[in-house]
Ligand code: PHE
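Right under this line is the structure:
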């Protein structure tokens, strides 16, 4: 019996000592030795066959064996628990897993660029509501009832009775601003506009404009030309040239369509195969003109004292020209393969 106890002790201590596993393995060793049917538990059961004089000694030996084994097991268990904790610990000195970084949308990027440019010329940024009234979208801008843009096919009406609609241009912010402010001032108005156009490569029911308005004493068409030429050179390069074609807008007089020289062929060769201008040599980028006196009257300004110029450009159009994009729909599809390129 004594030999058996000694050899069990040797085996147990060796086995426990060699165990390098986790909590589960230590626990299975505890069951093996100290469990209800464990090796040491079985030794106690054999006490019945030990002679009376030996009982005390043998009992003491088994007890001390049990003590040693459970101490060894406890130590192993503590170690296993510690290393489990260790492996779950975060090493803050390791480089982090980089998150996916988003990008500025090309339309926002273009608006930011245009804004920065006009801010450097002394303009400030003003915004207005996308849900507009007929009054500001049309009436204060001298757009008569019979004008085609007022037709339900050309404007998204939210309510005919209440005369509210999604603004079809950023120009209503002109009169909204003038009603509350006195000249002189120079503002630009970036924002979303809506028109019920059938969507194709060059049309979208929603797009962005940047409106410009400068009002003061002695503001002339030359100021308009100078400002827009500076804009074009900074936006499209110092060789960019401008052309003003006579046009018509109810809220400007005189009015012009503004073209820049083609950014691909530069209008020099007037190459019929030019993919950008098709040989015209010019690209239309905005509408502009001198503020119509009727608009000044609508906001309570004296048109004899003040003059001003206004312009409105399509942001997507500018981005399309600047980045050589061939389809306006790409801006709104949220395809990251497209968006990642900017
Ligand atoms: N609002 C006009 C449009 O959307 C553009 C414009 C703005 C023209 C300001 C002249 C002056 O087409």
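In the working numbering, the protein residues as written are 4 to 345.
A virtual CB, placed ideally from N, CA and C, is assigned to each residue, including glycine.
Problem - DSSP state of residue 230 mapped onto helix, strand, coil - result: By 1-based counting over the chain shown, the position of residue 230 is 227. Three-state DSSP puts residue 230 in a helix.
Exercise for the section: Indicate whether the contact test is met: 3 or more Cβ pairs, each with one atom in the stretch 308-316 and one in the stretch 279-291, closer than 8 Å. Expected result: yes
Problem - residue 344, DSSP secondary structure in three states - result: Walking along the chain shown from the start, residue 344 turns up at place 341. In the structure shown, residue 344 sits in coil (DSSP, three-state: anything other than H, G, I, E or B).
Problem - Nonlocal neighbours in the same chain, by C-beta distance under 8 Å from residue 156, ignoring five residues either side - result: Taking the first residue of the chain shown as 1, we reach residue 156 at position 153. Cβ within range, chain order: 199.
Exercise for the section: Kindly indicate which three-state DSSP category residue 189 falls into: helix, strand or coil? Expected result: What you label residue 189 is simply residue 186 of the chain shown in a count that begins at 1. Residue 189: strand per DSSP, three-state reduction.
Problem - Per DSSP, cross-strand counterpart(s) of residue 292 - result: Stepping through the chain shown from its first residue, residue 292 is reached at position 289. DSSP output for residue 292 lists 258 and 313 as bridge partner(s).
Problem - Cβ pair count under 8 Å reaching 3, the stretch 277-287 against the stretch 182-191 - result: no
Practice task
May I ask you to report which of helix, strand or coil DSSP gives residue 42?
Solution key: Against the chain shown, residue 42 aligns to sequence position 39. Of the three classes helix, strand and coil, the one that applies to residue 42 here is helix, per DSSP.
Handout entry: Continuous alpha helix (DSSP H) stretch holding residue 324: start and end
Key = The residue you call residue 324 lines up with position 321 of the chain shown. 318-326 is the span of the alpha helix (DSSP H), which, as asked, contains residue 324.
Problem - Outcome for residue 310 when other beta-carbon atoms lying within 10 angstroms are tallied against a minimum of 16 - result: For this step, residue 310 is matched to residue 307 along the chain shown. Its Cβ being crowded by 16 or more others within 10 Å, residue 310 is buried.
Practice task
Measure the alpha-carbon distance for residue 152 versus residue 264 and round it to whole angstroms.
Solution key: Counted from its first residue, the chain shown places residue 152 at position 149. Counted from its first residue, the chain shown places residue 264 at position 261. Going by the C-alpha atoms only, they are around 29 Å apart.
Practice task
Return the chain-ordered list of same chain residues with a C-beta closer than 6 Å to the C-beta of residue 158, the five sequence neighbours on each side being excluded.
Solution key: What you label residue 158 is simply residue 155 of the chain shown in a count that begins at 1. Result list for residue 158: 168 and 171, in chain order.
Problem - Limits of the unbroken alpha helix (DSSP H) element including residue 181 - result: What you label residue 181 is simply residue 178 of the chain shown in a count that begins at 1. Segment 175-183, the alpha helix (DSSP H) holding residue 181.
Exercise for the section: Note down, one range per segment and in chain order, each alpha helix (DSSP H) of at least 4 residues found wholly within the stretch 45-75. Expected result: none
Exercise for the section: Pick out the complete alpha helix (DSSP H) segments inside the stretch 75-129, 4 residues or longer, and give them in chain order. Expected result: 109-123
Practice task
Going by CA-CA distance only, name the one from 204, 189, 213 and 201 that's closest to residue 195.
Solution key: Locating residue 195 in the chain shown gives position 192, counting from the first residue. The shortest C-alpha separation from residue 195 is found at 213.
Handout entry: CB contact flag (residue 238, residue 144, <8 Å)
Key = On the chain shown, residue 238 is found 235 positions in, with the first residue counted as 1. On the chain shown, residue 144 is found 141 positions in, with the first residue counted as 1. For residue 238 and residue 144, no; Cβs fall outside 8 Å.
Practice task
Would you mind working out which of 269, 295 and 296 sits nearest residue 284, comparing C-alpha positions?
Solution key: If you number the chain shown from 1, residue 284 lands on position 281. Answer by Cα proximity: 269.
Problem - Residues of its chain near residue 179, where Cβ-Cβ distance is below 7 Å and the 5 sequence neighbours each way are ignored - result: Counted from its first residue, the chain shown places residue 179 at position 176. 131 and 139.
Exercise for the section: Return helix, strand or coil for residue 135, following the three-state DSSP convention. Expected result: Looking up residue 135 in the chain shown gives position 132. Residue state, collapsed to three classes: strand.
Problem - Check whether residue 15 and residue 95 have beta carbons under 8 Å apart - result: For the purposes of this step, residue 15 is taken as the residue at position 12 of the chain shown. For the purposes of this step, residue 95 is taken as the residue at position 92 of the chain shown. Their beta carbons are not under 8 Å apart, which means residue 15 does not touch residue 95 by this criterion.
Exercise for the section: Could you check if residue 69 is buried or exposed, using at least 16 other CB atoms within 10 Å of its CB as the buried criterion? Expected result: Stepping through the chain shown from its first residue, residue 69 is reached at position 66. When all chains shown are included, residue 69 counts as buried.
Exercise for the section: Pair every Cβ in the stretch 229-247 with every Cβ in the stretch 333-342, then say whether three or more of these pairs are closer than 8 Å. Expected result: no
Exercise for the section: Let me know if residue 243 comes out buried or exposed under the rule of 16 or more other beta-carbons within 10 Å of its beta-carbon. Expected result: For the purposes of this step, residue 243 is identified with residue 240 of the chain shown, where counting begins at 1. Buried.
Handout entry: With 16 other Cβ atoms within 10 Å as the buried cut-off, status of residue 187
Key = In the chain shown, the residue the question calls residue 187 occupies position 184. Counting Cβ neighbours within 10 Å, residue 187 comes out exposed, since fewer than 16 surround it.
Exercise for the section: For my contact list, residue 83 and residue 41 are in at a C-beta cut-off of 8 Å; report their separation, rounded to the angstrom. Expected result: Position 80 of the chain shown, counted from the first residue, corresponds to residue 83. Position 38 of the chain shown, counted from the first residue, corresponds to residue 41. Not confirmed; about 19 Å, so no contact.
Problem - Closest Cα partner of residue 224 within the set 249, 125 and 59 - result: The count along the chain shown starts at 1 and reaches residue 224 at position 221. Residue 249 is the option with its Cα nearest to residue 224.
Problem - Candidates 297, 286 and 338, of which the one nearest residue 323 by Cα - result: Within the chain shown, residue 323 is the residue found at index 320, counting from 1. Checking every option, the nearest Cα to that of residue 323 belongs to 286.
Handout entry: Distance CB(residue 175)-CB(residue 135) smaller than 8 Å
Key = Along the chain shown, one-based indexing puts residue 175 at 172. Along the chain shown, one-based indexing puts residue 135 at 132. Yes.
Practice task
Give a single yes or no on whether residue 255 has its beta carbon closer than 7 Å to a heavy atom of the ligand PHE.
Solution key: Numbered from its first residue, the chain shown carries residue 255 at position 252. For the ligand PHE, at least one heavy atom lies less than 7 Å from the Cβ of residue 255.
Problem - residue 36 classed as buried or exposed, judged by whether at least 16 other C-beta atoms fall within 10 angstroms - result: For this step, residue 36 is matched to residue 33 along the chain shown. Residue 36 should be labelled buried.
Practice task
For residue 313, verify whether its CB is less than 7 Å away from any heavy atom of the ligand PHE.
Solution key: The residue labelled residue 313 in the question sits at position 310 within the chain shown. At least one heavy atom of the ligand PHE is nearer than 7 Å to the Cβ of residue 313, so yes.
Problem - Beta-bridge pairing of residue 299 - partner residues as DSSP gives them - result: In the chain shown, counting from the first residue as 1, residue 299 sits at position 296. Answer by DSSP bridge pairing: none, since residue 299 is not bridged.
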